[in-house]
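In our numbering, the protein residues as written are 18 to 229. Right, one structure below, let's go through it.
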């Protein structure tokens, strides 16, 4: 019996992947690094530091470190988020959270984003109180597709991996959920850049389609 739902954030709770992509482009441009568009899809669902480490391995720049460029990207991202007045939770998400709460499910969040980004999004949309546990993969030695972020979230929720349902939109996140031994629902977000959702147990195009 499933007792808990664990959500990814970017692309599942908020449609922020396009903003992440723009912020990455802006940060790379500042340090004269060309970021090919075909790389974007490989970064979805992965920690920023990991992405910029890969970028700098292919495009080394003297004096530029993954930490420096990630910090620059964070500043651009926060600026873009604060300026945008069109950002809302993905359609059906607040209603899904309420249905889960009403039915007594434990609810957790496991995101590759930094904790301050997570806190900002959940607070801005007044949904933080739905989540009993929040785990940031950016604080772990390894994040998605490594299963640690999901296993730690389940442990903090007090449930076994087999009792968890994960909602994901990215290839890396789905791989992490399945490696953790969890049931995985893939949300087919058109803005998440052609992710391979084939390993998910079920694919939905709308949060309203998630049956509890």
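The beta-carbon is built from N, C-alpha and C at its ideal position, and this holds for glycine as well. These numbers were taken from a predicted model, which means no experiment stands behind them.
Could you check how far apart the C-beta atoms of residue i and residue j are, in whole angstroms? I think they sit under 8 Å.
i	j	result
residue 109	residue 225	4 Å
residue 50	residue 36	With 8 Å as the limit, residue 50 and residue 36 do not qualify as a contact, their Cβ atoms being about 19 Å apart.
residue 113	residue 227	6 Å
residue 173	residue 152	7 Å
residue 185	residue 29	7 Å
residue 203	residue 214	4 Å
Identify whether residue i lies in helix, strand or coil by the three-state DSSP scheme.
i	result
residue 229	coil
residue 200	strand
residue 59	helix
residue 44	helix
residue 127	strand
residue 71	helix
residue 23	strand
residue 138	helix
residue 79	coil
residue 53	coil
residue 178	helix
residue 106	strand
Does the separation of the CB atoms of residue i and residue j fall below 7 Å?
i	j	result
residue 129	residue 90	no
residue 27	residue 34	yes
residue 191	residue 217	yes
residue 16	residue 21	The requested residue 16 is not part of the displayed model; the chain covers only 18 to 229.
residue 23	residue 121	no
residue 148	residue 106	no
residue 60	residue 68	yes
residue 201	residue 194	yes
residue 66	residue 87	yes
residue 131	residue 167	no
Using 10 angstroms around the beta-carbon of residue i, count the other beta-carbons present and answer buried if the total reaches 16, otherwise exposed.
i	result
residue 183	buried
residue 188	buried
residue 115	exposed
residue 135	buried
residue 32	buried
Closer than 7 Å, CB to CB, is residue i near chain B or not?
i	result
residue 39	Judged by its chain identifiers, the structure shown contains no chain B, having just a single protein chain.
Three or more C-beta pairs closer than 8 Å, one from the region 78-98 and one from the region 201-220: is that the case here?
no
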